[in-house]
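A quick write-up on the structure given underneath.
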């Protein structure tokens, strides 16, 4: 059994060693009196996915944590040289494509290769107050020696039970274990049991509905390939230098350079919105042939075909989300990142939202007024501030997905022949206006105001 260090004011267990979990550990490393244990399910710390984008709002947090110098070394483009055009939008599902908008932003988007980003986070973990553990997949947790209904006022430790039969204890548990979160499942089942016992049947059913993730109705083809391969297919291809979003009916492609321009991150979406919130039959991630991609994106323009021809291998992901939760916390358990609000990737902010969760929650936990006896108050403040904002982002990311696949009500498109008129251009303009409105919080706002509000709520004892 792993136990807490006796010199700390309380111990924190983080289940999940992805971006959110490691960022939580990095942020807590600022507080030497908090013992942190990170439990990663995989045999080693490794990130799923290729690229990660960071908008100015998130980069400000990196500055606060002192990470920018090391991150600048691994960025695709130095943060000082980021172009203002974050993405170019182009309708590409026709023989002749049409560029209709350049998303110009102050600060732009900084991109990284995910394993490089994770390596920087691992370097910044405290060597004295943070321990890491691999091959530790959580099965469930219990308060004290029995059920989760024990009174928290007694400050019984939380017992973690892993699938390999080992156990550990902590004072506070943070679920950063992704869309299939075991922490979320246990927390919501406990809440459902409590609600049912109190006669709140609807509340119990709502809690149970959030246990399992649901299919979004969208599948994404993902891969990375050498920039040189694309250059050979089509010299001077715009994706070699510029992040691109290609939109099409029920289809969409995002492609941009990574690894200092030596690679291309490629993600193509095929949508079936009518199947949203259903059960997906089959494996969530599956290797597929390039022919399947070519069939799904039939009749796209030549520059997109050049992207397809550069691909050697790829896999298809069934994209799952989490239904909006009534709460991200329960007693001394909190959810962050995808465990709390797994969302569609059409603002490039899934990782950024996990980082915001981690930074704000760590700030509250490290505050001098937070003690073992007041942990639940800190968690309730976290929930009150972060849940409304992150769930709004979840909804606007979904809306952007509808816009990019030309499925948003009133902004759908017919056949190419029907679209060769002024109405097509007006629809595209309306589309980009709505996309910008959904997205501009990423570069026009900071976390500072919410952070200040959360700290005041904590100090004033309000929730």
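Residue numbers (this note's numbering): 107 to 569.
For every residue, glycine included, the Cβ atom is placed at its ideal position computed from N, Cα and C.
Beta-carbon proximity of residue i to residue j, cut-off 8 Å
i           : j           : result
residue 160 : residue 216 : yes
residue 376 : residue 394 : no
residue 512 : residue 388 : no
residue 116 : residue 278 : yes
residue 352 : residue 420 : no
residue 163 : residue 548 : yes
residue 535 : residue 503 : no
residue 432 : residue 313 : yes
residue 461 : residue 167 : yes
residue 123 : residue 142 : no
residue 182 : residue 482 : no
residue 488 : residue 500 : no
residue 464 : residue 126 : yes
residue 316 : residue 380 : no
residue 391 : residue 359 : no
residue 412 : residue 306 : no
residue 282 : residue 130 : yes
residue 348 : residue 194 : yes
residue 466 : residue 553 : yes
residue 477 : residue 403 : no
residue 457 : residue 158 : yes
For residue i, the first and last residue of its enclosing beta strand (DSSP E)
i           : result
residue 376 : 369-377
residue 196 : 191-197
residue 205 : 204-210
residue 278 : 278-281
residue 441 : 439-441
residue 410 : Looking at the DSSP string, residue 410 is not in any beta strand (DSSP E); the run it does join, the alpha helix (DSSP H), is 408-415.
residue 475 : First-last for residue 475: undefined, no H or E at that position.
residue 353 : 350-354
Paired residues, beta bridge with residue i - DSSP
i           : result
residue 454 : Paired residues: none, contrary to the question.
residue 483 : Note: residue 483 sits in no beta bridge, so no partner.
residue 549 : In DSSP, residue 549 forms no bridge with anything.
residue 362 : 371
residue 145 : 121, 239
residue 332 : 369
residue 393 : 421
residue 157 : 219
residue 268 : 244
residue 116 : 140
residue 327 : 374, 422
residue 232 : In DSSP, residue 232 forms no bridge with anything.
residue 435 : 440
Contacting residues, own chain, Cβ-Cβ under 6 Å from residue i (five flanking each side not counted)
i           : result
residue 416 : 331, 335, 336, 339
residue 430 : 497
residue 192 : 209, 211, 214, 215
residue 386 : 321, 424
residue 267 : 245, 246, 273
residue 242 : 145, 268
residue 110 : Residue placement at residue 110 is flagged as unreliable, the pLDDT there being 45, under the threshold of 50; a coordinate-derived value is accordingly withheld.
residue 444 : 284, 285
residue 472 : 137
residue 485 : 435, 440
residue 287 : 281, 445
Sequence-distant residues of the same chain with beta carbon closer than 8 Å to residue i, five excluded per side
i           : result
residue 559 : 491
residue 405 : 199, 200, 201
residue 264 : 119, 247, 248, 249, 275, 276, 277, 278, 279, 438, 439
residue 531 : 206
residue 135 : 142, 230, 231, 232, 235, 236
Residue range of the alpha helix (DSSP H) that includes residue i
i           : result
residue 245 : Looking at the DSSP string, residue 245 is not in any alpha helix (DSSP H); the run it does join, the beta strand (DSSP E), is 244-249.
residue 47  : Limits of the chain in this structure are 107 at one end and 569 at the other, which puts residue 47 out of reach.
residue 426 : Premise fails: residue 426 lies in the beta strand (DSSP E), 420-427, not in any alpha helix (DSSP H).
residue 180 : 174-180
residue 291 : 288-303
residue 557 : 554-566
residue 447 : 444-447
residue 308 : 307-315
Chain-order list of residues whose beta-carbon lies under 7 Å from that of residue i (same chain, five-residue window excluded)
i           : result
residue 565 : 475
residue 605 : Absent from the model: residue 605. The displayed extent of the chain is 107 to 569, so no value can be given.
residue 448 : 285, 319, 426, 427, 428
residue 228 : 128, 151
residue 367 : 182, 333
residue 253 : In this prediction, residue 253 scores a pLDDT of 44, lower than 50, which makes its location untrustworthy; the coordinate-derived value is nonetheless stated afterwards. Hits under 7 Å: none found.
residue 298 : 310, 313, 314
residue 258 : Bear in mind that a pLDDT of 45 at residue 258, under 50, signals an unreliable position, so the number given afterwards is only what the model happens to contain. Same-chain partners within the cutoff: 437, 438, 482.
Assumed close pair residue i, residue j - CB separation to whole angstroms, cut-off 8 Å
i           : j           : result
residue 320 : residue 383 : 5 Å
residue 196 : residue 350 : 6 Å
residue 226 : residue 177 : 6 Å
residue 148 : residue 238 : Actually they do not touch by this definition, with Cβ atoms about 12 Å apart.
residue 188 : residue 218 : Actually they are not in contact, since the Cβ atoms of residue 188 and residue 218 sit about 12 Å apart, beyond 8 Å.
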